[in-house]
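Notes for the one structure printed next.
There are 2 protein chains.
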Amino acid sequence: MNPKITIKSDSLLRHVVLFKFKNDTPPKKIKEIEEAFYNLPSKIPQISSYEWGLNNSPENLNKGFTHCFFLTFKSEADRAIYLPHPDHKAFGSLLTPYLDDVLVIDYWIN
Amino acid sequence: MNPKITIKSDSLLRHVVLFKFKNDTPPKKIKEIEEAFYNLPSKIPQISSYEWGLNNSPENLNKGFTHCFFLTFKSEADRAIYLPHPDHKAFGSLLTPYLDDVLVIDYWIN
C-alpha cells in the first residue's frame, strides 16, 4: 500500500470546493454546471456523501465565492480515484471556461 | 418576524470558516486557538453541530488556508445570535492578532 494513503476508520475525509463564476456566465450555464456536479455521485461511487448550496453569509468574507460543494470520502484512496476520474474530468471541462476562481480544502474530521 | 430571517425546517444552514495563520504564529498559540474554537459549542447552544480539521488536499488550491471549521445552525436566527455572541467575540479577540486571512461561506443545503 502507498504509505501516503491514510484510512481512518473512525473519521471521514471532507472535500470542500468553492466556485466563483465569471461575471458574464449565463445563468442557464451555471444551472447546467450545478446539475452536472450534482450528478457526479451517481457516477462515482467513491463519493460517500454530497451536498451543496449558495452563499448567504452576512459577513462578506466569502471573497466572491458563491457556490459551496461539500463532498465526503471514506478514505484518501477513494479521493485518489475521484480526482482523476473521467466523469470528474468531464465536469472540469464543462466548468473551466466559466470559472473565475476556485478554492479546495480537504480535512479529516478531528 | 424579520422578513430577512429564513427558517427551512427541512434543511440545515452550514457555516464554513477557513483560517490562514501568520507565518510567525507560535504552534502553541495555534493549538490554543483551535481549542478555543472547539469550546464554543459548549458555550453557545445555537451551534447545532461542529467539526474541524487541517487541510490535506493534494490539489494545492487551498490559497494558503490550513484550517477548516464547519458549523451547522438550524436557522438564520440562531446564526444571528452566534455572530455577535460575547463568547464568539472573545474568540475573535484571541484569534485576530495571529490571523493572516479568513474566508467564510454559509449555505442552506439544497
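Note that the protein sequences, when read in sequence, are chains A and B.
Each number in this note's numbering comes from the position in the first sequence (counting from 1) with 968 added on.
Each number in this note's numbering comes from the position in the second sequence (counting from 1) with 968 added on.
Every residue, glycine too, gets a C-beta built ideally from N, C-alpha and C.
Query raised in the report: Among N1007/B, S1016/B and H1035/B, which has the Cα closest to the Cα of K988/B?
Result: Reading the second sequence from its first residue, position 20 is the one you call residue 988/B. Considering only alpha carbons, the answer is H1035/B.
Query raised in the report: What is the DSSP secondary structure of S1025/A, reduced to helix, strand or coil?
Result: On the first sequence, residue 1025/A is found 57 positions in, with the first residue counted as 1. In this structure, S1025/A counts as coil in the three-state DSSP scheme.
**Report entry** Pairwise C-alpha distance: P1013/A and I1001/A
**Finding:** Against the first sequence, residue 1001/A aligns to sequence position 33. Against the first sequence, residue 1013/A aligns to sequence position 45. Cα to Cα, I1001/A sits roughly 20 Å from P1013/A.
Query raised in the report: In terms of DSSP beta bridges, what is F1038/B paired with?
Result: Position 70 of the second sequence, counted from the start, is the residue given in the question as residue 1038/B. V984/B and E1019/B, per the DSSP bridge assignment.
Requested in this report: With DSSP as the reference, label D992/A as helix, strand or coil.
Outcome: Translated into the one-based positions of the first sequence, residue 992/A becomes position 24. Correct three-state label for D992/A: coil.
Report task. State the beta-bridge partners of D1074/A as determined by DSSP. Result -> On the first sequence, position 106 is the one that residue 1074/A refers to. Residue pairing by DSSP places D1074/A opposite H983/A in a beta bridge.
Query raised in the report: Would you report the Cα separation of A1058/A and K1011/B, rounded to the nearest angstrom?
Result: As a working mapping, residue 1058/A is identified with position 90 in the first sequence. As a working mapping, residue 1011/B is identified with position 43 in the second sequence. Linking A1058/A to K1011/B through their CA atoms gives a straight-line distance of about 45 Å.
**Report entry** the region 1052–1071 of chain B / the region 1016–1029 of chain B touching (three or more Cβ pairs under 8 Å)
**Finding:** The region 1052–1071 of chain B makes no contact with the region 1016–1029 of chain B, as fewer than three CB pairs between them are under 8 Å.
Query raised in the report: How would you call D978/B, buried or exposed, if buried means at least 16 neighbouring beta carbons within 10 angstroms?
Result: In the second sequence, counting from the first residue as 1, residue 978/B sits at position 10. D978/B is classed as exposed because its beta carbon has fewer than 16 other beta carbons within 10 Å across all chains shown.
Query raised in the report: So is S1025/A in contact with chain B if we call contact Cβ pairs under 7 Å?
Result: For this step, residue 1025/A is matched to residue 57 along the first sequence. Residue-level contact check: S1025/A touches chain B, since one or more beta carbons of chain B fall below 7 Å from its beta carbon.
Query raised in the report: Using a beta-carbon distance below 7 Å, is I1073/B in contact with chain A?
Result: To locate residue 1073/B, count along the second sequence from 1; it is residue 105. Interface residue, yes.
Requested in this report: Leaving aside the five residues before and after T993/A along the sequence, list all residues of the same chain whose C-beta is less than 6 Å from its C-beta, in chain order.
Outcome: Looking up residue 993/A in the first sequence gives position 25. Contacts found: Y1066.
Report task. Give the straight-line distance between the Cα atoms of L1039/B and V985/A, rounded to the nearest whole angstrom. Result -> For the purposes of this step, residue 1039/B is identified with residue 71 of the second sequence, where counting begins at 1. For the purposes of this step, residue 985/A is identified with residue 17 of the first sequence, where counting begins at 1. So the two alpha carbons sit approximately 16 Å from each other.
Query raised in the report: In the structure shown, what three-state DSSP assignment does L1051/A receive?
Result: Here the question's residue 1051/A lines up with position 83 in the first sequence. L1051/A: coil per DSSP, three-state reduction.
**Report entry** the region 1013–1040 of chain B: positions lying closer than 8 Å to chain A by Cβ
**Finding:** So the list reads E1019, W1020, G1021, L1022, N1023, N1024, S1025, P1026, E1027, L1029, N1030, K1031, F1033, C1036 and F1038, given in the order they occur along the chain.
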